[in-house]
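Written below as structure tokens is the structure these notes are about.
Residue numbers (our numbering), protein chains in the order written: chain A, 20 to 223; chain B, 4 to 272.
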């Protein structure tokens with residue numbers, strides 16, 4: 020039984036009434052063995068370029084696309100991730116310490132979030148479920164980032180240092196200070212995210 | 004030569020001259036097929052996805068240590084976002100506490116109360132509040148803020164503010180008790196059933212060690228250890244008396260219990 024509706028098939032993609040399925044993915048994937056074969060700086064730039072290339076695939080909405088790009092810029096340029104982790108005081112084993120590997124894994128995570136497998140293929144359900152979870156996580160991260168950006172825009176002098184520089188809102192003592200209590204949701208989310216990064220070897 | 008013929012002749016001359024002057028010839032497209040057709044995906048305006056025809060070609064780097072399905076954090080983070088009524092920031096709903104308005108009428112007197120639920124369920128007007136003891140205690144007096152907005156705005160069944168009773172014990176206390184009870188029940192069932200179990204295959208280990216300052220430990224194989232040592236509840240601590248190694252769980256079998264344990268740890272912080 021074929022799916023209802025018209026599909027326009029071109030060399031690059033199949034367009035159905037719901038979505039466009041891209042067939043050529045080579046420009047989104049990192050080259051094989053990237054972490055070893057390229058210098059660190061180049062490898063990071065390659066990952067950055069590929070992550071930015073994914074922008075049209077992340078969402079149809081300009082607002083979400085903008086949040087995605089700003090988040091990437093922040094992650095690559097400003098963020099001090101080790102400080103963020105140490106402030107949160109979650110005990111980690113520090114298994115994946117290579118930054119390039121972490122960034123490459125994050126790229127794979129994003130690729131997983133935007134991929135789709137042909138229906139009714141053997142083993143399709145498990146893979147689809149994984150990519151659905153990845154997509155939900157990515158969307159939730161972007162929502163939280165949008166919330167953070169809104170809070171920062173409201174009161175940059177107070178909120179920017181807390182949310183982006185010192186990461187005070189993540190510290191265990193934050194629940195005792197009334198000024199930081201209002202960031203409780205963000206804190207819970209980011210603590211979970213650090214745990215996720217540790218278990219997957221990513222750096223989202 | 005007639006008048007019309009002469010006009011036509013002049014016209015042709017004019018056009019011909021101009022064409023010669025500017026050197027403009029009829030434009031012939033250079034490509035064989037219009038880019039509108041060959042690049043249809045660019046302007047189709049549909050959500051784009053990377054398409055794989057077989058499962059093997061899907062990106063799956065070997066160093067992803069666990070699957071997302073068996074990962075506690077992934078499961079928590081992927082739940083749908085809800086607005087937290089206390090901090091006015093959205094968060095995944097598995098990180099929040101569910102609050103519902105329940106009918107507590109007795110003897111014909113209409114009254115309602117606010118209840119919080121550790122285990123989420125659908126149905127009825129619902130709101131979500133932060134899962135944090137300090138915050139709940141602090142905001143306990145203004146519990147009217149927590150009442151689901153949709154239940155106050157309903158036109159069919161009008162509920163006035165005076166009909167909503169002040170809870171007899173604070174909601175923070177109530178939530179803590181239910182969380183501890185549920186976790187205790189769940190862990191009791193497991194520890195009774197799987198006494199001599201092989202402790203190799205697990206995602207989550209639950210221990211109680213008050214000497215350890217960390218509540219959450221991620222080990223080198225991507226497994227998570229939850230430490231309940233800082234929760235001073237005798238019934239809960241009684242579970243860990245016999246077993247030093249702790250209780251082992253798999254997420255696929257005990258998803259709800261795992262969520263609840265994480266919630267309890269986050270709650271008493």
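Cβ atoms here follow ideal geometry from the backbone N, Cα and C, with glycine treated the same way.
Check, Outcome
"Sequence-distant residues of the same chain with beta carbon closer than 7 Å to residue 123 of chain A, five excluded per side", "49, 53, 54 and 66"
"N- and C-terminal bounds of the beta strand (DSSP E) containing residue 135 of chain A", "134-136"
"Sheet register partners of residue 94 of chain B (DSSP bridge)", "B/85"
"Paired residues, beta bridge with residue 70 of chain B - DSSP", "In the DSSP output, where bridge partners are listed per residue, residue 70 of chain B has none listed."
"Buried versus exposed, by CB contacts within 10 Å (16 or more), residue 199 of chain B", "Residue confidence is low: residue 199 of chain B scores 49 on pLDDT, short of 50, so the model does not pin down where it sits. No coordinate-derived value is stated."
"Cutoff 9 Å: residue 78 of chain B Cβ touching any chain A Cβ", "yes"
"Residues within the stretch 86-114 of chain B neighbouring chain A, beta-carbon criterion of under 7 Å", "87, 90, 92, 93, 94, 95 and 98"
"Residue-level contact to chain B via CB, residue 202 of chain A, 9 Å cutoff", "yes"
"Which of helix, strand or coil DSSP assigns to residue 243 of chain B", "coil"
"Interface residues of chain A facing residue 225 of chain B [CB-CB closer than 7 Å]", "218"
"Local conformation of residue 189 of chain B per DSSP, three classes", "helix"
"Closest residue to residue 146 of chain B among B/159, B/119, B/265 and B/179 (Cα-Cα distance)", "B/119"
"Per-residue contacts from residue 253 of chain B into chain A (C-beta, under 9 Å)", "Result: empty, since nearest Cβ-Cβ is about 15 Å, beyond 9 Å."
"Contained alpha helix (DSSP H) runs [length at least 4] in the stretch 131-206 of chain A, N- to C-terminal order", "143-173, 175-179 and 197-200"
"Inter-stretch contact (C-beta, 8 Å, three-pair minimum) for the stretch 128-145 of chain B and the stretch 80-97 of chain B", "yes"
"Anticipated Cβ contact below 8 Å, residue 161 of chain A with residue 90 of chain A, distance rounded", "7 Å"
"Residue 121 of chain A: contacting residues in chain B (beta-carbon distance under 7 Å)", "None at all; the shortest Cβ gap to chain B is about 10 Å."
"Status (buried if at least 16 other CB within 10 Å, exposed otherwise) for residue 56 of chain A", "exposed"
"Limits of the unbroken beta strand (DSSP E) element including residue 33 of chain A", "32-34"
"Residues in the stretch 62-82 of chain A having any Cβ partner in chain B nearer than 7 Å", "75, 76 and 79"
"Rounded straight-line distance, which links the Cα of residue 165 of chain A to that of residue 155 of chain B", "29 Å"
"Run of the beta strand (DSSP E) containing residue 231 of chain B, from where it starts to where it stops", "From DSSP, residue 231 of chain B is part of no beta strand (DSSP E); its letter is neither H nor E."
"Local conformation of residue 71 of chain A per DSSP, three classes", "helix"
"is_contact[residue 263 of chain B, chain A] using C-beta, thresh 9 Å", "no"
"Residue 124 of chain B, DSSP secondary structure in three states", "coil"
"Residue closest to residue 31 of chain A, alpha-carbon to alpha-carbon, out of B/41, B/168 and B/234", "B/41"
"is_contact[residue 191 of chain A, chain B] using C-beta, thresh 9 Å", "yes"
"CB contact below 9 Å: residue 272 of chain B versus chain A", "yes"
"C-alpha distance - residue 111 of chain A paired with residue 220 of chain B, whole-angstrom precision", "6 Å"
"Those residues which DSSP pairs with residue 110 of chain B across a bridge", "Residue 110 of chain B is not bridged to any residue."
"Beta-carbon separation (whole angstroms), residue 218 of chain A vs residue 249 of chain B, contact threshold 8 Å", "Residue 218 of chain A to residue 249 of chain B, Cβ: 18 Å. No contact."
"For residue 270 of chain B, the three-state DSSP class (helix, strand or coil)", "helix"
"DSSP beta-bridge partners of residue 129 of chain B", "B/103"
"Contacts of residue 40 of chain B in chain A (Cβ-Cβ under 8 Å)", "29"
"CB contact below 9 Å: residue 24 of chain A versus chain B", "no"
"Sheet register partners of residue 55 of chain B (DSSP bridge)", "A/136"
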